[in-house]
Structure formats: C-alpha cells, structure tokens
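Undergrad: Order-wise, the sequence lines are chains A and B.
For reference, each letter of the first sequence is one residue, going 1 to 218 in my numbering.
For reference, each letter of the second sequence is one residue, going 219 to 436 in my numbering.
Just so it is clear, CB atoms sit at the ideal spot from N, CA and C, and this is done for glycine as well.
Being a predicted model, the structure only gives us computed values, none of them experimental.
Quick one: the structure is below, questions incoming.
There are 2 protein chains.
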Amino acid sequence: MNTPLSPPAPAAKPRLRDAEVTKARILEAAKREFAKNGLGGARVDVIAEKANANKRMIYHYFGSKEELFHTVLENAYLDIRTAEQKLNLDHLEPPIALERLVRFTWEYYLKNPEFITLVNSENLHRGKHLKKSEVVKIHSRKFVAMVENILARGVASGAFRAGVDAVQLNITIAAIGYYYLTNRFTGSIVFERDLMSKEALEERFKFNVDTILRLVAA
Amino acid sequence: MNTPLSPPAPAAKPRLRDAEVTKARILEAAKREFAKNGLGGARVDVIAEKANANKRMIYHYFGSKEELFHTVLENAYLDIRTAEQKLNLDHLEPPIALERLVRFTWEYYLKNPEFITLVNSENLHRGKHLKKSEVVKIHSRKFVAMVENILARGVASGAFRAGVDAVQLNITIAAIGYYYLTNRFTGSIVFERDLMSKEALEERFKFNVDTILRLVAA
DNA sequence: CACCAAACGCACTAACTGGTTACTTTCTTA
DNA sequence: TAAGAAAGTAACCAGTTAGTGCGTTTGGTG
C-alpha cells in the first residue's frame, strides 16, 4: 500500500472526514446513552451530540434508532465473548479454571456496566434485536464448549462431581454477579448496606467463587 | 354506620364513582404498563385507557408519572415481603425451610413477572424512588431476620456450616432465579434452548435448590 | 486539477407526550 | 332537598422526538 518513503503507520494520516472513525464515535456514544437510559429513554439527539457527529450521520450509517441499538448490542456480546476466549482456560487445573471464569465474569461486569444495562434493555424488548444476530450464537457455542471442557476435565480428575449441566452452570456464574450489580441500587436500600464499597465487592466475589466451587465439588 | 335494616356488607353498595376503586384500577394498569415498557417507555395515556379512567384522574390521585411509578414500585415490594412473611418458615427444619424459600422466590418471580421488570427499571434510575420508601426498609429487615433465624437454627442442628452471611445468601437465592427469568429472551437465544419450557423451568428450579443447599451444607 | 462520490450540516416536520384548564356529573350530608 | 364537595371528562398546549430533504464541503482518482 505505502510507497517506500510514505509514513509506515496507517494512523499517521488523520483525515478530517473518516467514515469509520465517525461510526466508531457514534457507536461509543450510543452504547453509553442506551446503557444509561434504555432503548426507549435514549435520545438520538443526545447520541449525536455526545458523538460529536451530526444526527443525520446516525441515520446515514445505521438507518434507525433500533438498528443502531442492534449494532451496539451485537458489539457488546461479541466483545465479552472474545474476551472470554482469550482467557485460555483449557490448560488450567479445572478448579483454577472455574475460579478464573468467575473472576473474569465479575470483573467484566464491574468494568463494563453498560453490558448489563444493554442486556436488560434487550430483554425488556423480548430479545427481538438479538434474535437476528447469527454471529452471537456462533460465539456463544464456543463459550459453552469451553465450560463443558472444564467440567469434563474436572470430573475426569476427580475434582468435580458428574452430571452438572454446563449451561446451568454458566447461567449461575453469570447470575450471582449480574444480579448483585444490576440491582446494586435497590439492593443497597433494601439491605441497608453499601453494596458497592471496596470491601463489599471483595466479600461478594469471594462468596461467588465459594458458591460455584461448592456447587461442582465432588 | 349502617342502620339495622341496611345491607350488612360494605361491598353491597356498588357506587358508579368510587375513588378507591378507580385508584386501584389505575395502579393495576400502571403496574402492567411500567413493567412492559419501563418508566421511560410507559405512556400515561395508555395507562389511563387501560385503567378505563380519565388521564386527569392519574394526576389528581398521584400527582405525576414519577409519583405513580413510586407508588407502583412500593406496592410491589410490600406485596412480596408480605407474602414472604406468610411462609412461616420459623418452625420448619432448616433445610426444608430453605428449600421452601427458594421455591417461593422462584414461583413468585414466575407468577409476578412485573416485579422483576419494575425492579430493573428502578435500578436504571439508580434507586431514586425506592430511597424514599421507609416502609420497604422496615419490611426488609424482618425478612433478613427470618433468613438469619433459619441459618442459626441450621448451624445449631449441625445441618449447616457456620459463617454464611444471611444477606449474601438472600442475594444469591434471588439471583439464581431472577437472572434466569429476567434474561429469558437473550438466554434462550444465546444458549439455543427454550428456557421457558415446562421441563426447562423444572430443571432450573431443582438446580437452584441444589445450589443453595450445597452452599450452606456443613 | 477537474470531477464526483462520499461525508457532513442545517433546518424542518409530523406525530407524540406529560401535564393542565375549564367544565359537567354524581354523591354526601346538614 | 339544597348545596357544596368530590369524581370524572374533553379539549387543549407547549415542549419534545425520531426521522428527512436538500444543499455544502472534502478527499480520492483519472
């Protein structure tokens, strides 16, 4: 592509107009706005403003508010599934692998609170957008296979009991972190403790690891 | 109040205009509409129509859309807490009591799906409405005390291990049911199974009881 | 460097939405 | 039973919202 004397880095050419960069800015702003207010509560004008883009561009690149939401949601799923695959749990001792997975899930939710809110919003809409995303299903299959592999190796080594369903385990690992964090506001009120203090988060994480390991223990 | 010859039952006088009945109709319609579309997505006109009441009445009785939501949410919490208290778990064997609680929680979520969506909506708004509800806190304290009692009796009888925090246990019991049901749409897509079939629900319930009993087992 | 497609911006609209004004009808009670 | 209070209604308003028509600017290419 580059001539011998041209700058080597592709990023060295900062164009004033760049469709990809603008799209990315819109997606990032949309993720935040959708996460903050839900699909119904999010405002297209606010997304445009936060993205430092013209509202017209949103319709040019994404067609409609719903299609924009669809893209944001799909990206969010692909992001967490990709990160999970990078964990490389297949070569670890099964109990260690499981603890790593519980930790990863917990920390991912903590660092990416938009993920939780986007998923909640999608479920409020009965999963109508995600249904169309074949690519998400493919990635999810790999993820389930990963957990199945850990379970099978654990049973073989005698560390785990047999008969634990990988999907149920997956759901449970997600649940005990997700619920705590998505309901952190009402939870802090109902239980009259700050569920988000550093100590509370640490305590909950340990509790979660304990819950999962006891669940599969031989 | 009644003269000796007047009808004895207070319900025997069906008035065309009854503030309490109208309020109740509005609250019921609002619960459904808020649960279906969230606070932001719900439409006051739709609530009025579904309640078979004039929109003006909503503002007359509740002041604003947000105050209406507040009332609906508070009622939802009071309803589940009241039902929990009626379980009368204090005289049962601790493991039986815990299983009953897991079953109750699961079935309550199944029969009252609006509860989950209302709580999600409230958390999207950072708990701003529930904060004001002192009465909810009082009921919640009783609930935590109930679980503490079960745990203490279980430890005393040797059935449970010591050191399990009642609040963490509460959260976990709620989480494993709540997450499964609130994310039933995306979950059914991602895991490529119908999570809401009769068999799937039965399987999940058993898994949940198992999870909790293993968690507290001595 | 001329050209044209793609990127971008402004100003607009039709439909909607929470909330209100001004009014009528029904119920209660002195 | 008269009268006032409470319940209920219809029409309306001002601000907002997703979505567009159309003109302008930019940058790559022959």
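Quick check: the Cα distance between residue 155 of chain A and residue 108 of chain A, rounded to an integer number of angstroms?
TA: Roughly 27 Å separates the two Cα atoms.
Undergrad: Please report the distance separating the alpha-carbon of residue 378 of chain B from that of residue 431 of chain B.
TA: Approximately 9 Å between the Cα atoms of the pair.
Undergrad: Count the CB pairs spanning the segment 81-98 of chain A and the segment 35-47 of chain A that are closer than 8 Å, and state whether there are at least three.
TA: Too few Cβ pairs lie closer than 8 Å, so no.
Undergrad: Within a Cβ cutoff of 8 Å, which residues of the same chain sit near residue 158 of chain A, ignoring the five residues on either side of it in sequence?
TA: Excluding residues within five positions, the ones whose Cβ falls inside 8 Å are 218.
Undergrad: Straight-line CA distance for residue 60 of chain A to residue 48 of chain A?
TA: Taking the straight line from one Cα to the other gives about 12 Å.
Undergrad: Here's a check: name, in chain order, each residue in its chain whose Cβ is nearer than 7 Å to the Cβ of residue 150 of chain A, leaving out the five neighbours to either side.
TA: So the list reads 89, 94, 97, 98, once near-sequence residues are dropped.
Undergrad: Taking DSSP as the reference, what is the three-state secondary structure of residue 378 of chain B?
TA: Here residue 378 of chain B sits in strand by DSSP.
Undergrad: Would you kindly work out how many angstroms separate the C-alpha atoms of residue 81 of chain A and residue 32 of chain A, rounded to a whole number?
TA: Near 20 Å, if we compare the C-alpha coordinates of residue 32 of chain A and residue 81 of chain A.
Undergrad: What does the alpha-carbon distance come out to for the pair residue 340 of chain B and residue 332 of chain B?
TA: Between residue 340 of chain B and residue 332 of chain B, the C-alpha separation is close to 12 Å.
Undergrad: At the level of alpha carbons, what is the spacing between residue 253 of chain B and residue 106 of chain A?
TA: So the two alpha carbons sit approximately 27 Å from each other.
Undergrad: Any Cβ of chain A within less than 8 Å of the Cβ of residue 393 of chain B?
TA: Cβ-Cβ to chain A under 8 Å: yes for residue 393 of chain B.
Undergrad: What does a CB cutoff of less than 7 Å around residue 427 of chain B pick up in its chain, not counting 5 residues either side in sequence?
TA: The residues are 317, 320.
Undergrad: Short of 7 Å in beta carbon distance, which residues of its chain neighbour residue 37 of chain A, apart from the five on each side in sequence? Order them along the chain.
TA: Here the set comprises nothing.
Undergrad: Using the Cβ count rule (16 or more neighbours within 10 Å means buried), how would you classify residue 225 of chain B?
TA: With a pLDDT of only 35 at residue 225 of chain B, under the threshold of 50, the placement of this residue in the model should not be trusted; the figure read from the coordinates follows. Classification of residue 225 of chain B: exposed, given that the 10 Å Cβ count is below 16.
Undergrad: Taking DSSP's pairing of strands, which residues face residue 217 of chain A in a bridge?
TA: A:160.
Undergrad: In the structure shown, what three-state DSSP assignment does residue 413 of chain B receive?
TA: Residue 413 of chain B: coil per DSSP, three-state reduction.
Undergrad: Thinking C-alpha only, which one of B:360, B:338, B:404 is nearest residue 132 of chain A?
TA: Comparing Cα positions, the closest option is B:404.
Undergrad: Helix, strand or coil: how does DSSP classify residue 311 of chain B here?
TA: If DSSP states are grouped into helix, strand and coil, residue 311 of chain B belongs with coil.
Undergrad: Alpha carbon to alpha carbon, what distance is there between residue 28 of chain A and residue 139 of chain A?
TA: Near 22 Å, if we compare the C-alpha coordinates of residue 28 of chain A and residue 139 of chain A.
Undergrad: How big is the Cα-Cα spacing for residue 235 of chain B and residue 241 of chain B?
TA: Distance between the alpha carbons of residue 235 of chain B and residue 241 of chain B: 11 Å.
Undergrad: Quick one, which of A:127, A:174, A:179 has its alpha-carbon nearest residue 388 of chain B's?
TA: Checked all of A:127, A:174, A:179; the closest Cα to residue 388 of chain B is A:179.
Undergrad: Expressed to the nearest angstrom, what Euclidean distance is found between the alpha-carbon atoms of residue 201 of chain A and residue 433 of chain B?
TA: So the alpha carbons of these two residues sit roughly 19 Å apart.
Undergrad: Quick check: the Cα distance between residue 383 of chain B and residue 371 of chain B, rounded to an integer number of angstroms?
TA: In a straight line, the C-alpha of residue 383 of chain B is about 14 Å away from that of residue 371 of chain B.
Undergrad: How would you call residue 54 of chain A, buried or exposed, if buried means at least 16 neighbouring beta carbons within 10 angstroms?
TA: So residue 54 of chain A counts as exposed.
Undergrad: How many Å lie between residue 120 of chain A and residue 401 of chain B at the Cα?
TA: So the alpha carbons of these two residues sit roughly 7 Å apart.
Undergrad: Here's the rule I'm using: 16 or more other beta-carbon atoms within 10 Å means buried, otherwise exposed. How should residue 21 of chain A be labelled?
TA: Result: exposed.
Undergrad: When you compare the CB of residue 224 of chain B with every CB in chain A, is at least one pair closer than 8 Å?
TA: Here residue 224 of chain B scores only 33 on pLDDT, less than 50, and its place in the model should not be relied on; the value that follows carries that caveat. It does not; no Cβ of chain A falls within 8 Å.
Undergrad: Output needed for residue 211 of chain A: all residues of its chain with C-beta closer than 7 Å, excluding positions within five of it in sequence on either side, in chain order.
TA: Answer for residue 211 of chain A: 176, listed in chain order.
Undergrad: Should residue 63 of chain A go down as buried or exposed, given a rule of 16 or more other Cβ atoms within 10 Å for buried?
TA: Exposed: under 16 other Cβ atoms inside 10 Å.
Undergrad: Taking only the alpha-carbon atoms, compute the straight-line gap between residue 385 of chain B and residue 124 of chain A and give it to the nearest angstrom.
TA: Taking the straight line joining both Cα atoms gives about 28 Å.
Undergrad: Let me see if you follow: with CB-CB separation under 8 Å, is residue 429 of chain B close to chain A or not?
TA: Yes, because at least one Cβ of chain A sits closer than 8 Å to the Cβ of residue 429 of chain B.
Undergrad: Any beta carbon from chain B within less than 8 Å of residue 135 of chain A's own beta carbon?
TA: So no, residue 135 of chain A is outside the interface.
Undergrad: Closer than 8 Å between beta carbons: that is the criterion. Which residues of the segment 180-198 of chain A meet it against chain B?
TA: Going along the segment 180-198 of chain A in chain order, one finds 180, 182, 183, 184, 185, 186, 187, 188, 189, 190, 191, 192, 193 with a Cβ nearer than 8 Å to chain B.
Undergrad: If you draw a straight line from the alpha carbon of residue 70 of chain A to that of residue 130 of chain A, how long is it in whole angstroms?
TA: Approximately 7 Å, taken between the alpha carbons.
Undergrad: Just curious, the alpha helix (DSSP H) that residue 127 of chain A is in, first and last residue?
TA: From DSSP, residue 127 of chain A is part of no alpha helix (DSSP H); its letter is neither H nor E.
Undergrad: Between residue 327 of chain B and chain A, is the shortest Cβ-Cβ distance under 8 Å, so that the two count as touching?
TA: No, residue 327 of chain B lies away from the interface with chain A (no Cβ there is under 8 Å from its Cβ).
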